[in-house]
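Protein sequence lines, in the order shown, are assigned to chains S and L. Taking our numbering, the leading residue of the first sequence gets 125, the next gets one more, and so forth. Taking our numbering, the leading residue of the second sequence gets 2, the next gets one more, and so forth. C-beta atoms are modelled at their ideal positions from N, C-alpha and C, and glycine is treated no differently. Just so we're clear, the structure is a prediction, and the values are computed from it rather than from any experiment.
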Amino acid sequence: MPDYNFLVVEDSPTMRQLISFALKRIPGSRIVEANDGIDALKKLSAQKFDVILTDINMPIMDGLKLVSMVRNDPAHKTIPIIIITTEGAEEDRKRGLALGANAYIAKPIQTADLLTVVNEILGNKS
Amino acid sequence: MDKEASSISKKVEEFLQVFKKGEEFTQELLKENEKLRYKVAQLEELTKFSGRDGDVKLHTLEERIKILEDENKSLLGRFRQVEEENKDFANRYVEVESENNNLANLYVASYQLHSTLDFNESLKIILEIVMNLIGAEEFSITMLDEKTNELSIVAQEGMGPEARASIKLGEGIIGKAAKSGEAYYREGDPTNLKGVDYTHPLVCIPLKIKEHVIGVIAIYKLLVQKQAFSNVDYELFSMLAGHAATAIFSSKLYSQSERKLTTIQSFLDLLKEK
């Protein structure tokens, strides 16, 4: 069973816990949490991640800026990114995907939906 | 005369020989006839026997077909039964998954609510739960001042300046919900709204410690992607009514006691110095 490293970027402890809770259901998952974009970049430079899950509205550095920076960084540009946000309008979704996010999930999240998207990205059948 | 008698005698002799040959031929024919009759009888017997055997075989095959048909029916029945069970399991799996999701939401919400004794942090966590887990865009938390009997907004999200900062107990939907302690849910589609009316919230959740109301959570507008309230939302409302109230109340008491402790400590330090 392969190990998967997830980086959860959220300023809300409630959402961080809820997302981590869901990801723990994937066998071999290891979760690292970050409070904002800057914190996420620090953690990205310290270890490799298989998927980044990020909110948009965060202090210091928001999720869209993080997506853009990751996509322009040769060391990390191929890491799949899932945006999880309260911004559920179609134009927000398009903007997030245009910046290079692989998937866009609007809050409130359903664990099953989140796991389906993550497994699709990881290429898992489950 | 003798010649004539000898000729007749010869002819008689010849006739007798022909007659004898005829007799022998007839005997042979009779024998052959007997043989043929025997063969016919044998064949008839054989045909009779073959017919009976065919009937037995046919009967056996018919019975076998019947058994196989019964088995086939039984297998089809079992297959349908397994298919139904499979469907039931699939439905149950979806239900369990949904229940799992609900429990995870409730667990995380209650865990976070009781993770702090800081009043402002408690309010922030309630805002996070209402926004992220329920999917509200505009909402407020009001607290009841028992001296003035007024509800004042202590935290809000997305609300415009036209929202009233305080409401009298018993006044309007929010005031009535606070007075009665009963949750209020506006009827109809929560997404089918022309605009936000701060006097007509979608939901009012009185925050109660036992039967004592300390405040109200009022939701005025849902996120654009939130189509309707689900079962877990009502579970969360019910959980918030009790847990958010105790979290706010205990953090408020803790803050007050911390302040008092600091004041007393300062007095004690002053007394020691003197």
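Nearest CA to the CA of residue i: which residue from the options?
{"i": "Ile218/L", "options": "Asn102/L, Glu183/L and Pro191/L", "result": "Glu183/L"}
{"i": "Gln234/S", "options": "Asp135/S, Lys201/S, Val133/S and Phe145/S", "result": "Phe145/S"}
{"i": "Lys177/L", "options": "Leu114/L, Glu151/L, Leu104/L and Leu118/L", "result": "Glu151/L"}
{"i": "Leu165/S", "options": "Ile143/S, Leu142/S and Val191/S", "result": "Val191/S"}
{"i": "Leu145/L", "options": "Lys49/L, Leu47/L, Glu63/L and Ala246/L", "result": "Ala246/L"}
{"i": "Val197/L", "options": "Ser181/L, Glu163/L and Ser167/L", "result": "Glu163/L"}
{"i": "Glu139/L", "options": "Leu224/L, Ile210/L and Lys58/L", "result": "Leu224/L"}
{"i": "Ser111/L", "options": "Ser123/L, Ser256/L, Glu46/L and Lys222/L", "result": "Ser123/L"}
{"i": "Arg149/S", "options": "Ile66/L, Val41/L and Asn102/L", "result": "Asn102/L"}
{"i": "Ala236/S", "options": "Val133/S, Leu168/S and Ile143/S", "result": "Ile143/S"}
{"i": "Ile210/L", "options": "Leu203/L, Ser239/L and Glu259/L", "result": "Ser239/L"}
Tell me, please, whether the CB atom of residue i is closer than 7 Å to any CB atom in chain L?
{"i": "Met182/S", "result": "no"}
{"i": "Pro151/S", "result": "no"}
{"i": "Gln234/S", "result": "yes"}
{"i": "Met139/S", "result": "yes"}
{"i": "Phe145/S", "result": "yes"}
{"i": "Leu142/S", "result": "yes"}
{"i": "Ala230/S", "result": "yes"}
State buried or exposed for residue i, treating a residue as buried only when at least 16 other CB atoms are found within 10 Å of its CB.
{"i": "Phe130/S", "result": "buried"}
{"i": "His201/L", "result": "exposed"}
{"i": "Gly187/S", "result": "buried"}
{"i": "His244/L", "result": "buried"}
{"i": "Thr138/S", "result": "buried"}
{"i": "Val194/S", "result": "buried"}
{"i": "Ile126/L", "result": "buried"}
For residue i, I'd like the list of residues in its chain whose CB is within less than 6 Å of its CB, leaving aside the five on either flank, ordered along the chain.
{"i": "Gly220/S", "result": "Ile207 and Tyr228"}
{"i": "Leu128/L", "result": "Ala156 and Glu158"}
{"i": "Met182/S", "result": "Asp135 and Asp160"}
{"i": "Thr210/S", "result": "Lys231"}
If you follow the beta strand (DSSP E) that residue i is part of, which residue opens it and which one closes it?
{"i": "Thr143/L", "result": "Ala137 to Asp146"}
{"i": "Ile210/L", "result": "Val204 to Ile210"}
{"i": "Tyr128/S", "result": "Tyr128 to Val133"}
{"i": "Ile176/S", "result": "Val175 to Thr178"}
{"i": "Leu152/L", "result": "Glu151 to Glu158"}
{"i": "Ala219/L", "result": "His213 to Leu223"}
Could one say the Cβ of residue i lies closer than 7 Å to chain S's Cβ atoms, at least one of them?
{"i": "Gln157/L", "result": "no"}
{"i": "Ile218/L", "result": "no"}
{"i": "Ala179/L", "result": "no"}
{"i": "Gly196/L", "result": "no"}
Start and end of the alpha helix (DSSP H) containing residue i?
{"i": "Ile175/L", "result": "Gly173 to Ser181"}
Going by beta carbon distance, what residues of the same chain come within less than 8 Å of residue i, once the five residues before and after it are set aside?
{"i": "Ser136/S", "result": "Asp179"}
{"i": "Glu212/L", "result": "Gly182"}
Spatial neighbours of residue i within its chain, please: C-beta separation below 7 Å, excluding the five flanking residues on both sides.
{"i": "Pro127/S", "result": "Position check: residue 127/S holds Asp in this sequence, whereas Pro was assumed. Cβ within range, chain order: Gly152 and Arg154."}
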